[in-house]
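Peer 1: Before I ask anything, let me first share the structure, which is written out below as structure tokens.
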Amino acid sequence: MALTKNERRLRIKNRIRKVVSGTEARPRLAVYRSNKEIYAQIVDDVTGVTIGSASSRDKSIDTAKVNKVEAAKLVGKAIAEKALKAGIETIAFDRGGYLYHGRVKSLAEGAREAGLKF
100 MALTKNERRL
110 RIKNRIRKVV
120 SGTEARPRLA
130 VYRSNKEIYA
140 QIVDDVTGVT
150 IGSASSRDKS
160 IDTAKVNKVE
170 AAKLVGKAIA
180 EKALKAGIET
190 IAFDRGGYLY
200 HGRVKSLAEG
210 AREAGLKF
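See the structure below:
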């Protein structure tokens, strides 16, 4: 029997997570994409701590009245600013099993433009 779309994404996510993990020096930027919103977290997997987070539901991004791809770029810039404030310059990008195009790619490009390296 064929896998559902979500089961397929979770298999890909597990495959990615075997390789990508966050340390204190190079934390993981985890992305979650729902139908309407996009969320990003910077996670140190060694200690199990979320260093910072941003989403398209934040007031500064929500009031911008832009489409979903542009909102994802704003989320990328916001998470990069929080990371740089915390003293983090390099991260490991975890796309969460989603294809690297559209909103996920836009978020990554926004983070790169704001100064994160990955």
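Here the sequence shown is numbered in our numbering, starting from 100 and rising by one per residue. Cβ coordinates follow ideal geometry from the N, Cα and C atoms, glycine included.
Less than 8 Å between the beta carbons of residue 206 and residue 172, yes or no?
Peer 2: The answer is yes: Cβ separation under 8 Å.
Peer 1: Can we say the region 174 to 190 touches the region 126 to 139, given the rule of at least three CB pairs closer than 8 Å?
Peer 2: Judged by Cβ distances under 8 Å, the region 174 to 190 makes contact with the region 126 to 139, as three or more pairs qualify.
Peer 1: Within the region 145 to 172, note down every full beta strand (DSSP E) run reaching 3 residues or more, in order along the chain.
Peer 2: Those beta strand (DSSP E) runs which fall completely within the region 145 to 172 and span 3+ residues are 148 to 154.
Peer 1: Smallest Cα separation from residue 119: which of 137, 175, 211 and 145?
Peer 2: When each option's Cα is compared against that of residue 119, the closest is 145.
Peer 1: Helix, strand or coil for residue 132, going by three-state DSSP, please let me know.
Peer 2: Residue 132 falls in the strand class under three-state DSSP.
Peer 1: Taking the alpha-carbon of residue 180 as reference, which of 152, 166, 194 and 161 has the nearest alpha-carbon?
Peer 2: If we check each option's Cα against that of residue 180, 152 comes out closest.
Peer 1: Within 10 angstroms of its Cβ, does residue 117 collect 16 or more other Cβ (buried), or is it exposed?
Peer 2: Label assigned to residue 117: exposed.
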